[in-house]
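Take 1 as the starting number for the sequence shown in the UniProt record's numbering and just add one per residue.
Beta carbons are placed, not taken as given, at the ideal position from N, Cα and C, and that holds for glycine.
Beneath this line is the structure, given in C-alpha cells, with notes to follow.
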Amino acid sequence: MSSSEDKARETFDKSCSGDIILAMEKLYKFEGLMAPVFTPFSADGQLNTKIIPAYGKYLTDSGIHGVLVNGTTGEGMSMSVEERQKVTEIWKDVSKSTGLNVMVQVGGAPFPDVVKLAAHADRCQVDSILCLPDLYNKPKNVAEVLEYLQQVSNAAPNTPLLYYHIPAFTNVNISITDLLSEAHNSGNFPRLAGAKFTHINLEDGASSVRVGGKENSLGPFSLFLGSDEALLGAFALGFNSAIGTTFNIIPEFGKSILSAAKKNDFTGGQKAQWELTKAIRTMTKQGGWVPAMKAVMNFLTPIDVGPVRFPLKPLSKDKVFAMKEDLLQLGIMKK
Numbered sequence: 001m002s003s004s005e006d007k008a009r010e011t012f013d014k015s016c017s018g019d020i021i022l023a024m025e026k027l028y029k030f031e032g033l034m035a036p037v038f039t040p041f042s043a044d045g046q047l048n049t050k051i052i053p054a055y056g057k058y059l060t061d062s063g064i065h066g067v068l069v070n071g072t073t074g075e076g077m078s079m080s081v082e083e084r085q086k087v088t089e090i091w092k093d094v095s096k097s098t099g100l101n102v103m104v105q106v107g108g109a110p111f112p113d114v115v116k117l118a119a120h121a122d123r124c125q126v127d128s129i130l131c132l133p134d135l136y137n138k139p140k141n142v143a144e145v146l147e148y149l150q151q152v153s154n155a156a157p158n159t160p161l162l163y164y165h166i167p168a169f170t171n172v173n174i175s176i177t178d179l180l181s182e183a184h185n186s187g188n189f190p191r192l193a194g195a196k197f198t199h200i201n202l203e204d205g206a207s208s209v210r211v212g213g214k215e216n217s218l219g220p221f222s223l224f225l226g227s228d229e230a231l232l233g234a235f236a237l238g239f240n241s242a243i244g245t246t247f248n249i250i251p252e253f254g255k256s257i258l259s260a261a262k263k264n265d266f267t268g269g270q271k272a273q274w275e276l277t278k279a280i281r282t283m284t285k286q287g288g289w290v291p292a293m294k295a296v297m298n299f300l301t302p303i304d305v306g307p308v309r310f311p312l313k314p315l316s317k318d319k320v321f322a323m324k325e326d327l328l329q330l331g332i333m334k335k
C-alpha cells in the first residue's frame, strides 16, 4: 500500500457515538491556475511533440505552474492510446526542468484502454490522474460513477485520481457534492482526490469544496473550476484552483481574478472577469471552443500548436482574420 493510500485510510476514526471525525489531509495539494494544454499537431495531423519543451517554458514564464494533458483542450479523445502515452511521457520529462505539476486525463476511451492509460500515467509518476465517466455506457448515478473511478484507480495505486465533471459533453450530470460525500463517508475510495468541475452550477460547486470540512471550512478534496467565465464567482465561494484554456493564451486575466479574490477586491475582480469574458466571446464567435482557442494560441503567442485534428475542423482564414480584427478592437492583440 502506498504512503498516500495509508494517509487516506487514516481519514476516518469512529467515535463512541458512531460519528465520523475528519482526520484527512489533501491527497492532491496543487492550488492556483493550471493550463489544459493543447496537443501540437503538424499540418498532416501527426503529433508534433518537438514544440512541447518550449511550450512548457512559455507557461512557467507566464506564471502557470500546472498542466492538464490529454483533456478536452488537448483533444485527448481524438488520439490513440500510444499517442496519449507519448505526450504524457514528454510532459512528464518537461516537468523535471520546469517544475510543472502534471495532471493526465485518461478517460474517453474503451475501458481497457482507460485502465492501460491510468497504469501508464502511474508508472510515469505524474502528479494526478483525471478521468471522464464512460461516454457510451453512461453511469446513471453517483454509485456507478464511483464504481468506475475505483476500477480505474486500482490500475494506478500510487496516484491521486480526480473525476472530470463536464456534463455539457458527457451528459452525465450528477451532484459532485453527493459524489464526494459518498466517497468521504464510506472511506472506500482512498485515492479519490477531487474533481475538475466544468459546470456553472456554483451552488453544487460551493458545497463540493466543503465536503469533509469542519463547520464552514474547506474539505480535503481538490476542486478545480473548469469554466473560465465563472472564475470570480467560484473563487468567491471557496474554490482556490482552476483549469482554464485561456491560461494558455491570456493568463494575465486569470491571475488577476485569482489575486483579486484573495484580497477580497471584488471590484477589481469583476473588471478582470468581464474583460476575460469579452475576450472569450470574441474568440468563440468565429468557431467552436477548441478550434477557436487553438487558432488564437497560434497567432497570439510564440507557441504554434498547429491545427485541430479531425473530427474537429480548423477555422477558415477569413474567420481567423475577423478574430484578429476583433481582438485588436479589444486591445488583446497589438498591431
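Quick test of your reading: residue i and residue j, contact by CB under 8 Å. State the CB separation rounded to the nearest angstrom.
| i | j | result |
| --- | --- | --- |
| LEU315 | GLY287 | 5 Å |
| GLY205 | LEU231 | Wrong, their Cβ atoms sit about 12 Å apart, outside the cutoff. |
| ALA292 | THR284 | 5 Å |
| ASP127 | ASN101 | 5 Å |
| ALA236 | LEU225 | With a Cβ gap of about 11 Å, ALA236 and LEU225 do not count as contacting. |
| THR277 | GLU229 | 5 Å |
| LEU223 | PHE197 | 6 Å |
Can you give me the Cβ contacts of residue i inside the same chain, cut-off strictly under 7 Å, excluding the 5 residues immediately before and after it?
| i | result |
| --- | --- |
| LYS319 | GLN286 and GLY287 |
| PRO139 | PRO133, VAL145, TYR148 and VAL172 |
| ASN240 | GLU31 |
| PRO167 | ASN173 and HIS199 |
| residue 351 | Because residue 351 is not part of the residues shown, which for the chain are 1 to 335, the question remains open. |
| GLN329 | none |
| PRO53 | VAL94 |
| GLN150 | PHE189 |
| ASP113 | VAL81 |
So, with DSSP's three-state summary, where would you put residue i?
| i | result |
| --- | --- |
| TYR28 | coil |
| GLN286 | coil |
| LYS317 | helix |
| PRO112 | helix |
| ALA193 | strand |
| GLU325 | helix |
| LEU68 | strand |
| ALA43 | coil |
| VAL211 | coil |
| PHE221 | coil |
| MET34 | strand |
| ILE303 | coil |
| LYS243 | Before going on, a small fix: residue 243 reads as Ile here, not Lys. Looking at ILE243 - three-state DSSP - the assignment turns out to be strand. |
| THR198 | coil |
| LYS294 | helix |
| LEU237 | coil |
| ARG281 | helix |
| GLY226 | coil |
| VAL308 | coil |
| ILE52 | helix |
| ASN141 | coil |
Within the same chain, show all residues whose beta-carbon is closer than 8 Å to that of residue i, passing over the 5 residues directly before and after it, in chain order.
| i | result |
| --- | --- |
| CYS16 | Its pLDDT being 29, under 50, CYS16 is placed unreliably by the model, and nothing is read from it. |
| ALA121 | THR88, VAL104, VAL106, ILE129, ALA156 and THR159 |
| LEU180 | LEU192, GLY194, ALA195, SER208, VAL211, GLY212, GLY219 and PHE221 |
| TYR28 | ASP127, SER128, PRO160, LEU162, ALA193, GLY194 and SER222 |
| TYR58 | THR301, PRO302 and ILE303 |
With a Cβ-Cβ cutoff of 7 Å, do residue i and residue j count as a contact?
| i | j | result |
| --- | --- | --- |
| ALA118 | HIS165 | no |
| ILE257 | SER227 | no |
| ALA272 | ILE332 | no |
| ASP43 | ILE64 | Residue 43 is actually Ala in this sequence, not Asp. Against a cut-off of 7 Å, the Cβ pair of ILE64 and ALA43 comes out as no contact. |
| VAL305 | LYS294 | yes |
| CYS124 | LYS86 | no |
| PRO251 | SER62 | yes |
| LEU33 | PHE266 | no |
| VAL152 | GLU182 | no |
| GLY108 | LEU135 | yes |
| ILE249 | TYR55 | no |
| THR49 | THR98 | no |
| LEU47 | GLU82 | no |
| LEU312 | VAL296 | no |
| VAL268 | ALA261 | Note that residue 268 is Gly in the sequence shown here, rather than Val. Cβ distance not < 7 Å, so GLY268 and ALA261 don't count as in contact. |
Between residue i and the rest of its own chain, which residues show a CB-CB distance below 6 Å, the 5 nearest in sequence each way excluded?
| i | result |
| --- | --- |
| GLY233 | LEU202 |
| MET323 | GLN286 |
| LYS334 | none |
| ILE51 | PRO40 |
| THR72 | none |
| ARG9 | Reliability of the predicted coordinates at ARG9 is poor, the pLDDT of 37 falling under 50, and no value is obtained from them. |
| SER259 | none |
4-residue-minimum alpha helix (DSSP H) runs that sit fully inside the region 71-139, ordered along the chain: Runs found: 81-98 and 111-123.
Entirely enclosed beta strand (DSSP E) segments - the region 151-188, minimum 3 residues: Segments of the beta strand (DSSP E) lying fully in the region 151-188: 161-165.
Which runs of the beta strand (DSSP E) fall wholly inside the region 252-277 and span at least 3 residues, in chain order? Counting only runs of 3 or more, we get nothing.
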